[in-house]
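Q:
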Amino acid sequence: MPLEVGDAVRVALKLLEDEGLDKLTVRRLATELGVKAPALYWHFRSKRALLDHMTDMIVAPVTAGLPEGGPWLKWLEDAAFALHTALLAHRDGARVALGADLTVARGGGGGPPPPGGGGAPPGAPPSPRRAGGGGWAAGAGVAGGAHRPGPRARGALAARAVGVLHSAGFPLGEATRAAGVLVHFVLGRAVEDQTRLSPSEEASVIASDSFPFPLMARGLRERAGSTVEDDFRYALGVMLAGLDAVSRRPEG
Numbered sequence: 602m603p604l605e606v607g608d609a610v611r612v613a614l615k616l617l618e619d620e621g622l623d624k625l626t627v628r629r630l631a632t633e634l635g636v637k638a639p640a641l642y643w644h645f646r647s648k649r650a651l652l653d654h655m656t657d658m659i660v661a662p663v664t665a666g667l668p669e670g671g672p673w674l675k676w677l678e679d680a681a682f683a684l685h686t687a688l689l690a691h692r693d694g695a696r697v698a699l700g701a702d703l704t705v706a707r708g709g710g711g712g713p714p715p716p717g718g719g720g721a722p723p724g725a726p727p728s729p730r731r732a733g734g735g736g737w738a739a740g741a742g743v744a745g746g747a748h749r750p751g752p753r754a755r756g757a758l759a760a761r762a763v764g765v766l767h768s769a770g771f772p773l774g775e776a777t778r779a780a781g782v783l784v785h786f787v788l789g790r791a792v793e794d795q796t797r798l799s800p801s802e803e804a805s806v807i808a809s810d811s812f813p814f815p816l817m818a819r820g821l822r823e824r825a826g827s828t829v830e831d832d833f834r835y836a837l838g839v840m841l842a843g844l845d846a847v848s849r850r851p852e853g
């Protein structure tokens, strides 16, 4: 029976939950599926390509569930919460999505397995860098080269944000920057949130006399009981307030 990419990705997500990102490899997935590694390298030339497909499966429902438009601040807030929730629903989900290709899985199309299980096949041109000098955070970077079928949900989410912002009056270039700020803010925050101590561990740390920052400890004790969602809502509000202020700034 031919190997279905979607089935392989679902198994990879199960392995992610059970064992974590650091133990997930294409070879480990092949073992779990009961196939030889070269059969998987035909679909996923590298671990990054596999992670791109996993990102697509995590993020696609977020994009599908968002309205086509609406007041831009509310739309960005809803999109950010939905993305943050989706990433945190999976063990190491934010780390999986970091660095995901916005247009296709790198090397995600068919072809012979790479020598040694990684890199490009012999004679292939070097992988092009994304335009923009830093991806969406710097200004809507996209992968160069030929486009092959592959996951693109994170890029689709950013593109939807660009459309909402541009419709609200943002110049197109600024809309791509703002969309990048949103997506990368959520990704970075989610990475931190997934490494956060439990409430009891956090309370113990800031109550300890050995905590090296007493003023910070006092402040943290004042907001004891604050949840991940509470802190994300506050941080997102600060970010969106700044974006709103920039949007109102007179040109020139």
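Residue numbers for the sequence shown follow the working numbering, beginning at 602 and rising by one.
Here a beta-carbon is modelled for each residue, glycine too, at the ideal position from N, C-alpha and C.
Can you find the residues in the same chain that come closer than 7 angstroms, C-beta to C-beta, to Ala760, ignoring five residues on each side of it along the sequence?
A: Walking along the sequence shown from the start, residue 760 turns up at place 159. Contacts found: none.
Q: Can you give the Cα-Cα distance for Arg755 and Leu783, rounded to whole angstroms?
A: Reading the sequence shown from its first residue, position 154 is the one you call residue 755. Reading the sequence shown from its first residue, position 182 is the one you call residue 783. If I take the Cα positions, the gap works out to 12 angstroms.
Q: Can you tell me whether DSSP reads Arg646 as helix, strand or coil?
A: Here residue 646 refers to the residue found at position 45 of the sequence shown. Correct three-state label for Arg646: coil.
Q: At the 9 angstroms Cβ level, is Glu793 part of the contact set with chain C, yes or no?
A: This model lacks chain C altogether; it includes just one protein chain.
Q: Tell me, to the nearest whole angstrom, how far the beta carbon of Ala681 is from that of Val765; I am working on the premise that it is less than 8 angstroms.
A: As a position in the sequence shown, residue 681 is number 80, starting the count at 1. As a position in the sequence shown, residue 765 is number 164, starting the count at 1. Not quite, the Cβ-Cβ distance comes to about 12 angstroms (not below 8 angstroms), so this is no contact.
Q: Helix, strand or coil for Ser811, going by three-state DSSP, please let me know.
A: Reading the sequence shown from its first residue, position 210 is the one you call residue 811. Reduced to three states, the DSSP call for Ser811 is coil.
Q: Roughly how many angstroms lie between the CA atoms of Pro813 and Thr686, to the nearest whole one?
A: Within the sequence shown, the letter at position 212 stands for residue 813. Within the sequence shown, the letter at position 85 stands for residue 686. Answer to the nearest angstrom: the Cα atoms are 32 angstroms apart.
Q: Which of the three DSSP states, helix, strand or coil, is assigned to Phe771?
A: Taking the first residue of the sequence shown as 1, we reach residue 771 at position 170. DSSP places Phe771 in coil when its eight states are reduced to three.
Q: Is Met658 closer than 9 angstroms to Arg611 when the C-beta atoms are compared?
A: Locating residue 611 in the sequence shown gives position 10, where the first residue counts as 1. Locating residue 658 in the sequence shown gives position 57, where the first residue counts as 1. The answer is yes: Cβ separation under 9 angstroms.
Q: Return the CA-CA distance between Gly635 and His654, expressed in angstroms with no decimal places.
A: For this step, residue 635 is matched to residue 34 along the sequence shown. For this step, residue 654 is matched to residue 53 along the sequence shown. The alpha-carbon atoms of Gly635 and His654 are separated by roughly 20 angstroms.
Q: Between the beta-carbon of Ala776 and the beta-carbon of Ala757, is there less than 9 angstroms?
A: As a working mapping, residue 776 is identified with position 175 in the sequence shown. As a working mapping, residue 757 is identified with position 156 in the sequence shown. Not a contact, by the Cβ cut-off of 9 angstroms.
Q: Could you tell me the distance, in whole angstroms, from the CA atom of Pro639 to the CA atom of Glu633?
A: Indexing the sequence shown from 1 puts residue 639 at position 38. Indexing the sequence shown from 1 puts residue 633 at position 32. So the alpha carbons of these two residues sit roughly 14 angstroms apart.
Q: So, using beta-carbon positions, are Leu689 and Ala698 closer together than 9 angstroms?
A: Translated into positions along the sequence shown, residue 689 becomes position 88. Translated into positions along the sequence shown, residue 698 becomes position 97. Cβ atoms of Leu689 and Ala698: not closer than 9 angstroms.
Q: Among the residues of its own chain, which have a CB less than 7 angstroms from the CB of Leu614, if the five just before and after it don't count?
A: In the sequence shown, residue 614 corresponds to position 13, counting from 1. Hits under 7 angstroms: Met655, Met658 and His691.
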